[in-house]
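Number of protein chains: 2
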Amino acid sequence: MSLFDPEELAAPAPAAPSGPLVRVRLLVAYDGRGFHGFAPNRPVRTVAGVLTEALEKWLGHPVVLTCAGRTDRGVHAWGQVVHFDTSVVDVDCEALRRSLIKMLGPAVVVRSAEVVDSSFDARRTAVGRRYRYTVLNRPVPDPFLAGLAWHVEEPLDVRAMQLACDPLIGEHDFSAFCRRPPVEGASMTRRVRRAEWVELGDGLLRFDIEASAFCHQMVRSLVGTLVAVGRGKKRAGDMAWILRSGDRQLAAQPAPPDGLVLWEVLYP
Amino acid sequence: MSLFDPEELAAPAPAAPSGPLVRVRLLVAYDGRGFHGFAPNRPVRTVAGVLTEALEKWLGHPVVLTCAGRTDRGVHAWGQVVHFDTSVVDVDCEALRRSLIKMLGPAVVVRSAEVVDSSFDARRTAVGRRYRYTVLNRPVPDPFLAGLAWHVEEPLDVRAMQLACDPLIGEHDFSAFCRRPPVEGASMTRRVRRAEWVELGDGLLRFDIEASAFCHQMVRSLVGTLVAVGRGKKRAGDMAWILRSGDRQLAAQPAPPDGLVLWEVLYP
Numbered sequence: 001m002s003l004f005d006p007e008e009l010a011a012p013a014p015a016a017p018s019g020p021l022v023r024v025r026l027l028v029a030y031d032g033r034g035f036h037g038f039a040p041n042r043p044v045r046t047v048a049g050v051l052t053e054a055l056e057k058w059l060g061h062p063v064v065l066t067c068a069g070r071t072d073r074g075v076h077a078w079g080q081v082v083h084f085d086t087s088v089v090d091v092d093c094e095a096l097r098r099s100l101i102k103m104l105g106p107a108v109v110v111r112s113a114e115v116v117d118s119s120f121d122a123r124r125t126a127v128g129r130r131y132r133y134t135v136l137n138r139p140v141p142d143p144f145l146a147g148l149a150w151h152v153e154e155p156l157d158v159r160a161m162q163l164a165c166d167p168l169i170g171e172h173d174f175s176a177f178c179r180r181p182p183v184e185g186a187s188m189t190r191r192v193r194r195a196e197w198v199e200l201g202d203g204l205l206r207f208d209i210e211a212s213a214f215c216h217q218m219v220r221s222l223v224g225t226l227v228a229v230g231r232g233k234k235r236a237g238d239m240a241w242i243l244r245s246g247d248r249q250l251a252a253q254p255a256p257p258d259g260l261v262l263w264e265v266l267y268p
Numbered sequence: 001m002s003l004f005d006p007e008e009l010a011a012p013a014p015a016a017p018s019g020p021l022v023r024v025r026l027l028v029a030y031d032g033r034g035f036h037g038f039a040p041n042r043p044v045r046t047v048a049g050v051l052t053e054a055l056e057k058w059l060g061h062p063v064v065l066t067c068a069g070r071t072d073r074g075v076h077a078w079g080q081v082v083h084f085d086t087s088v089v090d091v092d093c094e095a096l097r098r099s100l101i102k103m104l105g106p107a108v109v110v111r112s113a114e115v116v117d118s119s120f121d122a123r124r125t126a127v128g129r130r131y132r133y134t135v136l137n138r139p140v141p142d143p144f145l146a147g148l149a150w151h152v153e154e155p156l157d158v159r160a161m162q163l164a165c166d167p168l169i170g171e172h173d174f175s176a177f178c179r180r181p182p183v184e185g186a187s188m189t190r191r192v193r194r195a196e197w198v199e200l201g202d203g204l205l206r207f208d209i210e211a212s213a214f215c216h217q218m219v220r221s222l223v224g225t226l227v228a229v230g231r232g233k234k235r236a237g238d239m240a241w242i243l244r245s246g247d248r249q250l251a252a253q254p255a256p257p258d259g260l261v262l263w264e265v266l267y268p
């Protein structure tokens, strides 16, 4: 249990609907601009808010969504996974998917919809999450990447940024790179399996990170600190002791949400 | 003269400012979403409108912009070229570029600014324009390409679309693919040097076209008809006689503006 996001575990369990139910899993991509994050938060516009509303309209009954990873305001997803239960036992998933694309497009795209076993839980059975963060590292910005990448003008030392990733691999307490969890005493231990910078050319840098789960703002906090290393404000060797310190004051400011995408959720 | 856009020639000549003047050339990229096209058109928001306002604020005198190609509402540019004259004879182009990026970002990015000889004219000395049009050809759309590509669900026959490009190469009257010009009797003859579809993978198709100049909506009209060929609604062999007919009714509806980018302007 300690490997899962305490924020996620703290969320109220979905109200149990009665009668025969079918569980549906959706794979959802969204452009986070224009949304106050994923989680429902009335009266502001959230991804879960518009998705729930569309599902309820289509199915004709209240829907409680469970998601794999709640993204913050302005953060995007390519592979968000959600599940919900419906009493429409003969639900036509392909028709549902097409209707949702029409109702929610173009900012939210349901990439697939399928009936799954009731043991599937988008949040609790996920064994890993992959995030991508894009940095545009060149003097001149790109209007087509506004809101989709962090524009950093000064040249970054990508080799140092990659070196600084080494101490992240493995199981660690990531308190230094997380916002305080809402649950008192919740574990901040996460297992990072991969953390890698990829140079795509033309100044585009992509950070790929995979972990069992993530604490709140963990990727943005890591990217902020790694970019500080790339800028020469911190050394690659600093990463290990910042991590060990558990002190959020030693990490750099979190990177902006623009460049962050929940890329993929992994299940057994 | 016949090779240039009659719309462009019909525009009023810039008012001649007095005193010693310096001509400045800007290379401008913009995301066309949120703009009613390039050309000034008060009270609506246009790229030339916001650029002129920013330049006048920075330079402290009225500015008349001349551009290489006026793009329509929702059409983008990576390499739009504009020029203007200023009485600030010692203008610091790099400071100007940086200020414009701050004032106009993130949707409009001035990629470069330089003083040029007064014989340079962004519109009249251009010898070619390159446009790119992006089609996303797969069942599921992509939220990050909304407004930047035309989503076409049904599989397209790209080979037929490429074959249909052959008759476009060379000097032709493109009346069948153009909106009526505002100047009576203006020539619709243009020289197309290149017209090519490139498959980028994952259903992404890019159409690259280079010509001396373009008539109004010519690229969108060509793409609309080429996609009709790809859908099997028209045959590749139809392209030659639609072109010869000069009849706009025989071409397909213009493709949406979303996928279109003024990519580059060529000078001697």
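Residue numbers (the working numbering), protein chains in the order written: chain D, 1 to 268; chain H, 1 to 268.
Don't be surprised by glycine CBs; every beta carbon is placed ideally from N, CA and C.
Output yes if chain D places a C-beta closer than 8 Å to the C-beta of Tyr131(H); else output no. no
State yes or no: is the C-beta of Ala176(H) nearer than 7 Å to some heavy atom of the ligand SAM? What this structure holds is no ligand at all, so the ligand SAM is not there to describe.
Residues of the segment 103-134 of chain D with a CB closer than 9 Å to any CB of chain H: list them in chain order, please. Gly105, Pro106, Ala107, Val108, Val109, Val110, Arg111 and Ser112
Specify whether the segment 58-68 of chain H and the segment 131-148 of chain H touch according to this definition: at least 3 beta carbon pairs, one from each stretch, less than 8 Å apart. The segment 58-68 of chain H vs the segment 131-148 of chain H: no contact.
Check whether the Cβ of Ala255(D) lies closer than 8 Å to any Cβ atom in chain H. The Cβ of Ala255(D) sits no closer than 8 Å to any Cβ of chain H.
How long is the line joining the alpha carbons of Leu222(D) and Arg159(D), rounded to whole angstroms? C-alpha separation (whole angstroms): 16 Å.
Could you tell me whether any Cβ in chain D is nearer than 8 Å to the Cβ of Ala68(H)? no
From the beta carbon of Arg25(H), is the nearest beta carbon of chain D less than 8 Å away? no
Which same chain residues end up closer than 8 Å to Ala16(H) when comparing Cβ atoms and leaving out the 5 residues on each side of it in sequence? Its pLDDT being 45, under 50, Ala16(H) is placed unreliably in this model, and the value from its coordinates should be taken loosely. There are no such residues.
Taking its Cβ as the centre, do 16 or more other Cβ atoms sit within 10 Å of Asp142(D), making it buried, or is it exposed? Buried: at least 16 other Cβ atoms inside 10 Å.
Sequence-distant residues of the same chain with beta carbon closer than 7 Å to Asp173(H), five excluded per side: Met188, Thr189 and Gly246
Pick helix, strand or coil for Glu184(D), following the three-state DSSP scheme. coil
Find the residues of chain H that neighbour Leu148(D), judging by a C-beta separation of less than 7 Å, and give them in chain order. Phe144
DSSP-derived helix/strand/coil call for Cys67(D): strand
Taking only three categories from DSSP, how would you classify Phe84(D)? strand
Starting from Ile209(D), trace the beta strand (DSSP E) in both directions and tell me its first and last residue. Leu204 to Ala211
Within 8 Å (strictly less), CB to CB, does Asp72(H) reach chain D? no
Is there at least one Cβ from chain D nearer than 8 Å to Val265(H)'s Cβ? Chain D, which has no Cβ nearer than 8 Å to the Cβ of Val265(H), makes this no.
Can you find a C-beta in chain D that's less than 8 Å from the C-beta of Pro141(H)? Yes, because at least one Cβ of chain D sits closer than 8 Å to the Cβ of Pro141(H).
Please confirm if Ala277(H) has its CB atom under 8 Å from at least one CB of chain D. This structure does not reach residue 277(H), given that chain H is present from 1 up to 268, and the question cannot be answered.
Indicate the three-state DSSP secondary structure (helix, strand or coil) for Ala195(H) in the structure shown. strand
Any beta carbon of chain D sitting closer than 8 Å to that of Ile101(H)? yes
When the Cα atoms are used, what is the spatial distance from Gly34(D) to Ile169(D)? 34 Å
By how many angstroms is the C-alpha of Thr71(D) removed from the C-alpha of Ala77(D)? 8 Å
Three-state secondary structure (DSSP) of Leu266(H): strand
Extract the residue ranges of the beta strand (DSSP E) inside the segment 93-179 of chain H, only unbroken runs of 3 or more that lie entirely within it. Correct list: 108-116, 128-136 and 170-173.
Among Val127(H), Gly74(H) and Arg45(H), which residue has its Cα nearest to the Cα of Leu148(H)? Gly74(H)
Closer than 8 Å by C-beta to Thr125(D): which residues in its own chain qualify, once you throw out the five before and the five after it? Chain order, please. Ser119, Tyr267 and Pro268
When you compare the segment 78-93 of chain H with the segment 25-40 of chain H, are there three or more beta-carbon pairs, one atom per stretch, that lie closer than 8 Å? yes
Selection from Arg97(H), Cys93(H), Ala122(H) and Ser99(H) that minimises the alpha carbon distance to Val115(H): Cys93(H)
DSSP-derived helix/strand/coil call for Gly259(H): Reduced to three states, the DSSP call for Gly259(H) is helix.
Using CA atoms only, rank isn't needed, just tell me which of Val47(D), Leu55(D), Gly19(D) and Glu56(D) is closest to Gly32(D). Val47(D)
Based on Cα-Cα distance, which residue from Ala68(H), Val229(H) and Val44(H) lies nearest to Cys165(H)? Val229(H)
When you compare the CB positions of Leu226(H) and Ala176(H), do they come within less than 8 Å of one another, or not? no
Assuming Arg98(H) and Leu27(H) are in contact, meaning their beta carbons sit under 8 Å apart, how far apart are those beta carbons, in whole angstroms? About 14 Å separates the two Cβ atoms, so there is no contact after all.
Is the CB of Leu205(D) under 8 Å away from at least one CB in chain B? Among the protein chains of the structure shown, namely D and H, there is no chain B.
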